[in-house]
Amino acid sequence: MSPRQIAVTLVALIFIVAAALLIISRGDDGPGDEATPTTSSSATPTTAASDTTSDPGGDDGSDDAADPTETTVTTSTTTSVPLSVPLNVPIVCTTDIAGAQVVAEVADDAVPQLGTNSSISTVGLGVVTFGLTVPAAAEASGSAMLACEPVSECYHVTPAAAPGGISFLVHASTIERVDIVNGPITTRSGIGIGTSAEHLVNTFGDKLERQVIDADTVNLVFVPTDAADAAFRVVFTIEDGVVTTYRSGRMPMILQDDPCASSL
Numbered sequence: 430m431s432p433r434q435i436a437v438t439l440v441a442l443i444f445i446v447a448a449a450l451l452i453i454s455r456g457d458d459g460p461g462d463e464a465t466p467t468t469s470s471s472a473t474p475t476t477a478a479s480d481t482t483s484d485p486g487g488d489d490g491s492d493d494a495a496d497p498t499e500t501t502v503t504t505s506t507t508t509s510v511p512l513s514v515p516l517n518v519p520i521v522c523t524t525d526i527a528g529a530q531v532v533a534e535v536a537d538d539a540v541p542q543l544g545t546n547s548s549i550s551t552v553g554l555g556v557v558t559f560g561l562t563v564p565a566a567a568e569a570s571g572s573a574m575l576a577c578e579p580v581s582e583c584y585h586v587t588p589a590a591a592p593g594g595i596s597f598l599v600h601a602s603t604i605e606r607v608d609i610v611n612g613p614i615t616t617r618s619g620i621g622i623g624t625s626a627e628h629l630v631n632t633f634g635d636k637l638e639r640q641v642i643d644a645d646t647v648n649l650v651f652v653p654t655d656a657a658d659a660a661f662r663v664v665f666t667i668e669d670g671v672v673t674t675y676r677s678g679r680m681p682m683i684l685q686d687d688p689c690a691s692s693l
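Below is the structure:
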């Protein structure tokens, strides 16, 4: 072989070796490039999962169910809500509502039945009729009952989910009377706080009996003519020519200013 042929052969070998090295180098770089996004992709969901788990503001129901502490706090908050609902507490309810005793509870999904459209009659307030026990009244009204004073033989309760100004007198475990001292509740005839004495007399006429309390105050007592209602009365207290408070209930407590004091 001539020197020329040897030189050509060496050059060809050099090119072959260089090409082989280039192919091997590219083959090594390919998996390396794929590994980088794989690592990044794996890290991203891991971080996101960590954020979701630790996020205290998450709405994940399973997290709430799994955390008994959160469940307890939620229950406590729900229980305390009824205690602050009746902001317009009747005058006869002198208790601190924040510490009021719940004497009758209702289910969480109970629907309140006492509203601005509820009316007073000779037999009660809306669905709460005289003679019901406090638990029965709570169930009928869809409202927890709060004690206005220590529970005893005679005491008052107020409904937690109802318009303000309402209290029920409880005697011997049954509701005997309802007092309205403010708010929108009226009788079935539309008589309520602020109604004029003239309108009251025009509405009920000779069914009213007059009782003088003092120089400035009189009670106009509605006496039903129906024999079935003979034991019931509605008493309207009049001052300055208008109804300032009124009450409905059974005899004899309906005619007493402070029946609980009288029963002691």
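Here this note's numbering runs 429 ahead of the position in the sequence shown, where the first position is 1. Every residue gets a Cβ at the ideal spot worked out from N, C-alpha and C, and that includes glycine.
Alpha-carbon to alpha-carbon, residue j and residue i
| i | j | result |
| --- | --- | --- |
| His628 | Arg679 | 25 Å |
| Asp571 | His600 | Note on identity: in this sequence residue 571 is Gly, with Asp being the wrong assignment. When rounded, the distance between both Cα atoms is 21 Å. |
| Pro653 | Val531 | 34 Å |
| Pro564 | Ser581 | 15 Å |
| Gly575 | Leu554 | Residue 575 is actually Leu in this sequence, not Gly. When rounded, the distance between both Cα atoms is 17 Å. |
| Ala656 | Cys689 | 27 Å |
| Met682 | Asp538 | 34 Å |
| Ala699 | Ala573 | Lying before the first or after the last residue shown, residue 699 is absent from the chain, which here runs from 430 to 693. |
| Asn546 | Thr616 | 10 Å |
| Asp645 | Thr666 | 11 Å |
| Val610 | Ala659 | 24 Å |
| Leu543 | Asp643 | 34 Å |
| Pro588 | Val663 | 20 Å |
Residue environment, residue i, which counts as buried when at least 16 other CB atoms sit within 10 Å
| i | result |
| --- | --- |
| Ser625 | exposed |
| Glu605 | buried |
| Gly621 | buried |
| Ile445 | exposed |
| Pro579 | exposed |
| Ile549 | buried |
| Gly459 | Only weak support exists for where Gly459 lies, its pLDDT of 42 falling under 50; the value from the coordinates is given anyway. Exposed is the call here. |
| Ile614 | buried |
| Ala533 | buried |
For residue i, the three-state DSSP class (helix, strand or coil)
| i | result |
| --- | --- |
| Ala657 | helix |
| Glu627 | helix |
According to DSSP, residues forming a beta bridge with residue i
| i | result |
| --- | --- |
| Gly634 | Gly634 pairs with nothing; no bridge assigned. |
| Gln640 | Asn648 |
| Ala533 | Met574 |
| Ile667 | Val647 and Val672 |
The ligand SAM heavy atom lying under 7 Å from the CB of residue i
| i | result |
| --- | --- |
| Glu668 | In the structure on display, the ligand SAM does not appear, and there are no ligands present to speak of. |
Closer than 8 Å to chain B by CB, residue i
| i | result |
| --- | --- |
| Asp687 | Judged by its chain identifiers, the structure shown contains no chain B, having just a single protein chain. |
With a floor of 3 residues, list each beta strand (DSSP E) that falls wholly inside the stretch 542-620, ordered by position along the chain.
Entirely contained in the stretch 542-620, the beta strand (DSSP E) runs reaching 3 residues are, in chain order, 548-550, 574-576, 583-588, 595-600 and 603-609.
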